[in-house]
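Numbering (my numbering), first residue to last: 81 to 594.
C-beta atoms are modelled at their ideal positions from N, C-alpha and C, and glycine is treated no differently.
The structure displayed is predicted, hence computed values, not measured ones.
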């Protein structure tokens with residue numbers, strides 16, 4: 081039987097997604113399984129890495145047993161994963177502790193030490209990224225200080241996708257697109273800088289060798305085959321960052337193309353053909369060799385509306401049950417009944433601190449302008465608009481280094497909302513194109529596997545054969561003019577509140593109660 085499928089695996093913050101695609105980009109079957117993020121403390125965020133593997137094995141076996149997936153038709157596997165993961169493993173690849181993920185900000189002290197020890201400007205000029213506790217190196221240093229026995233027993237530090245690739249192949253690897261988490265990674269030349277690692281007190285022996293994202297690093301082993309159900313010998317590529325694979329799956333493979341991410345977190349990825357460094361933004365290698373992604377990664381995204389749904393959305397959930405639609409669709413309809421600006425309600429979407437461009441661990445969510453005339457619909461729309469303002473903040477910051485942004489390619493769950501997508505178009509004053517697939521990230525992971533084994537001639541060919549636009553949003557000029565005033569207020573609110581956020585954090589963490 082000819083092999084006609086590419087398998088994409090996405091290791092996300094709240095769950096894993098698996099999808100098999102034919103070579104034209106059509107999703108043949110999909111599977112999603114949720115898992116929990118542990119928050120032992122306010123700024124901590126951990127995941128048991130074994131949950132990643134068990135979820136993937138369970139998902140693949142469920143697809144096989146339901147006869148939606150013939151494993152013998154799988155030509156290759158690509159894996160993408162969440163960013164800035166610090167996972168120490170032993171020589172047999174066994175996790176020594178839960179993985180610290182991108183949401184984890186416990187390493188503030190270590191980040192400050194890095195700035196003093198090496199100098200933030202020096203590290204930014206090398207790595208292209210600010211020194212922030214969300215990155216991998218501060219977490220490694222935290223582990224070295226607070227859990228020295230685990231650090232001493234560590235054979236390798238892995239990322240989310242490289243752990244799964246190891247489980248599939250038995251090979252330790254580190255792809256280029258995830259290397260931006262290391263401040264000793266030379267972003268312009270795509271290699272480790274040993275002298276920078278030495279100054280940070282980290283041995284490069286603890287990091288797997290670098291490889292291109294589409295490079296086949298191994299094949300499915302007998303052990304992995306028994307556990308997950310894929311045949312022994314299926315090629316597996318190194319994989320990459322979820323945002324980079326999502327950018328590929330959205331069709332962005334040329335300089336100037338921009339992916340807008342509407343998943344649990346929000347942000348944007350601008351494709352650039354040279355390493356444009358901005359100290360308040362994120363720079364990483366694209367999964368496409370020779371290109372980089374200038375990124376804005378924000379905490380505020382679909383997770384803000386999921387919080388509303390879980391804590392305050394009983395009404396929307398009930399309406400959804402009665403009408404046979406999701407509560408997300410109900411909330412989208414309600415938001416559509418309110419005008420731009422939510423009639424004077426502004427939301428700061430900093431629900432777990434904020435990443436770019438303010439990099440403030442103490443920032444928190446704020447609803448400004450509540451009054452008796454405000455309804456649930458006002459709050460829902462304000463949440464959507466707050467996420468739109470955070471997107472614009474990142475786009476405006478990118479313009480400071482001459483990054484060119486034209487059409488936004490919108491993906492993720494938020495892109496399914498016409499209302500939310502139009503809000504983002506109006507706020508940013510940019511056209512937004514929505515690709516047909518709801519599976520841009522897993523499609524991107526599958527496409528790098530396809531390029532790796534030669535199904536596609538190159539990445540442009542892969543996109544041309546698989547990505548199709550289903551919907552276009554054009555900005556409304558009147559709405560944009562109204563949003564300009566609200567956006568200025570959004571920026572001013574943070575500036576006025578940032579000291580108060582720090583005060584609040586200090587009060588929250590006090591232990592000397594009367």
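Sequence-distant residues of its chain with Cβ nearer than 8 Å to residue i (five each side left out)
i: residue 82; result: 153
i: residue 594; result: Residue placement at residue 594 is poorly supported in this model, since its pLDDT is 46, which falls under 50; the coordinates still yield a value, given next. Same-chain partners within the cutoff: there are none.
i: residue 355; result: 208, 267, 268, 363, 372
i: residue 545; result: 103, 104, 105, 536
i: residue 584; result: 442, 444
Contacts around residue i, its chain only, beta-carbon distance under 7 Å, and the 5 residues preceding and following it disregarded
i: residue 441; result: 123, 185, 188, 213, 433
i: residue 502; result: 553
i: residue 380; result: 346, 429, 430, 431, 466, 467, 470
i: residue 458; result: 418, 422, 423, 425
i: residue 233; result: 170, 176
i: residue 416; result: 499
Nearest-angstrom beta carbon gap, residue j and residue i [assumed within contact, 8 Å]
i: residue 91; j: residue 297; result: That pair is no contact at about 16 Å.
i: residue 155; j: residue 86; result: 6 Å
i: residue 114; j: residue 94; result: 6 Å
i: residue 237; j: residue 286; result: 5 Å
i: residue 105; j: residue 547; result: 7 Å
i: residue 463; j: residue 374; result: Residue 463 to residue 374, Cβ: 26 Å. No contact.
i: residue 407; j: residue 393; result: 6 Å
i: residue 292; j: residue 256; result: 6 Å
i: residue 193; j: residue 164; result: Not really, about 18 Å apart at Cβ, beyond 8 Å.
Enclosing alpha helix (DSSP H) for residue i [first to last residue]
i: residue 544; result: 539-546
i: residue 226; result: 216-226
i: residue 384; result: 382-392
i: residue 581; result: 557-589
i: residue 322; result: 322-329
i: residue 137; result: 129-145
i: residue 513; result: First-last for residue 513: 512-515, but that is the beta strand (DSSP E), not the alpha helix (DSSP H).
i: residue 302; result: 302-308
i: residue 460; result: 456-479
i: residue 505; result: 498-508
Contacting residues, own chain, Cβ-Cβ under 6 Å from residue i (five flanking each side not counted)
i: residue 543; result: 331, 333
i: residue 540; result: 333
i: residue 443; result: 430, 433, 434, 581
i: residue 551; result: 514
i: residue 76; result: Any property of residue 76 remains undetermined from this structure, which presents the chain solely from 81 to 594.
i: residue 517; result: 523
Nearest candidate by alpha-carbon position, reference residue i, set the options
i: residue 348; options: 335, 377, 367; result: 377
i: residue 134; options: 521, 98, 201; result: 98
i: residue 89; options: 428, 317, 509; result: 317
i: residue 388; options: 355, 580, 368, 431; result: 431
i: residue 278; options: 190, 455, 197, 391; result: 197
i: residue 139; options: 362, 426, 96; result: 96
i: residue 315; options: 357, 328, 532; result: 532
i: residue 112; options: 521, 473, 352; result: 521
i: residue 473; options: 497, 461, 436, 294; result: 436
i: residue 323; options: 397, 305, 241; result: 241
i: residue 368; options: 203, 352, 394, 447; result: 352
i: residue 420; options: 397, 392, 504; result: 504
i: residue 370; options: 281, 402, 267; result: 267
i: residue 321; options: 525, 360, 478; result: 525
i: residue 327; options: 528, 110, 566; result: 528
i: residue 211; options: 462, 361, 383; result: 361
i: residue 549; options: 534, 512, 560; result: 512
i: residue 231; options: 258, 201, 329, 282; result: 282
i: residue 157; options: 167, 136, 455; result: 136
i: residue 574; options: 290, 427, 561; result: 427
i: residue 131; options: 108, 174, 107, 100; result: 174
i: residue 149; options: 246, 107, 276, 271; result: 107
i: residue 222; options: 204, 206, 572, 179; result: 179
Limits of the unbroken beta strand (DSSP E) element including residue i
i: residue 378; result: 372-378
i: residue 96; result: 95-102
i: residue 348; result: 346-352
i: residue 113; result: 107-114
i: residue 431; result: Looking at the DSSP string, residue 431 is not in any beta strand (DSSP E), and its letter there is neither H nor E.
i: residue 408; result: No beta strand (DSSP E) contains residue 408, which is instead part of the alpha helix (DSSP H) from 407-416.
i: residue 156; result: 154-161
i: residue 549; result: 549-553
i: residue 90; result: 85-91
i: residue 169; result: 167-169
i: residue 362; result: 362-365
CB contact check: residue i to chain D, cutoff 7 Å
i: residue 177; result: Of the protein chains in the structure, only one exists, and it is not chain D.
The ligand ATP heavy atom lying under 6 Å from the CB of residue i
i: residue 279; result: For the structure depicted, the ligand ATP is absent and the ligand set is empty, with no information on it obtainable.
Okay, do the region 472-485 and the region 294-311 touch, 3+ Cβ pairs below 8 Å being the bar?
-> no
Evaluate contact between the region 258-272 and the region 208-223, counting only Cβ atoms and requiring at least three cross-stretch pairs below 8 Å.
-> yes
Counting Cβ pairs, one atom from each stretch, are 3 or more of them under 8 Å apart for the region 407-416 and the region 438-452?
-> no
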